[in-house]
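The block underneath contains the structure these notes are about, expressed in structure tokens.
Here's what the structure looks like:
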């Protein structure tokens, strides 16, 4: 049963992203939105955790939120950028959704 995990808090300010990574299962999808998109930037102190998660999970980032924070084009390789329609597709294509607050 595939689950979409949606994270909206910066991994540098809250523990929601760490909690998500600890509970997400192999085959799940993780979508970074709002302030969580800073977790997609390569070279940060959090990027190693995201790279480890990508070994058995698909990681996405909302492209509009990257752009709004001046981070467009700075997401690490392997993270899939989606638009709002892609966000909707992710929710429709997964059995359940978990928002990490």
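In our numbering, the protein residues as written are 5 to 105. For each residue, glycine too, the CB sits at the ideal point set by N, CA and C. All of these numbers come straight from a predicted model, not from anything done at the bench.
Residue i to residue j span [Cα, whole Å]
i: residue 46; j: residue 74; result: 14 Å
i: residue 95; j: residue 89; result: 10 Å
i: residue 104; j: residue 21; result: 7 Å
i: residue 26; j: residue 34; result: 12 Å
i: residue 93; j: residue 52; result: 27 Å
i: residue 18; j: residue 57; result: 18 Å
i: residue 87; j: residue 36; result: 12 Å
i: residue 38; j: residue 67; result: 10 Å
i: residue 31; j: residue 78; result: 25 Å
i: residue 29; j: residue 61; result: 7 Å
i: residue 8; j: residue 91; result: 10 Å
i: residue 16; j: residue 44; result: 12 Å
CB-CB length for residue i against residue j, believed under 8 Å
i: residue 54; j: residue 14; result: 13 Å between Cβ atoms; not a contact.
With 16 other Cβ atoms within 10 Å as the buried cut-off, status of residue i
i: residue 82; result: exposed
i: residue 5; result: exposed
i: residue 71; result: exposed
i: residue 69; result: buried
Beta-carbon proximity check, residue i vs residue j, cutoff 7 Å
i: residue 40; j: residue 63; result: no
i: residue 65; j: residue 85; result: yes
Below-7 Å beta-carbon distance, residue i vs any chain C residue
i: residue 62; result: Among the protein chains of the structure shown there is no chain C, as only one such chain exists.
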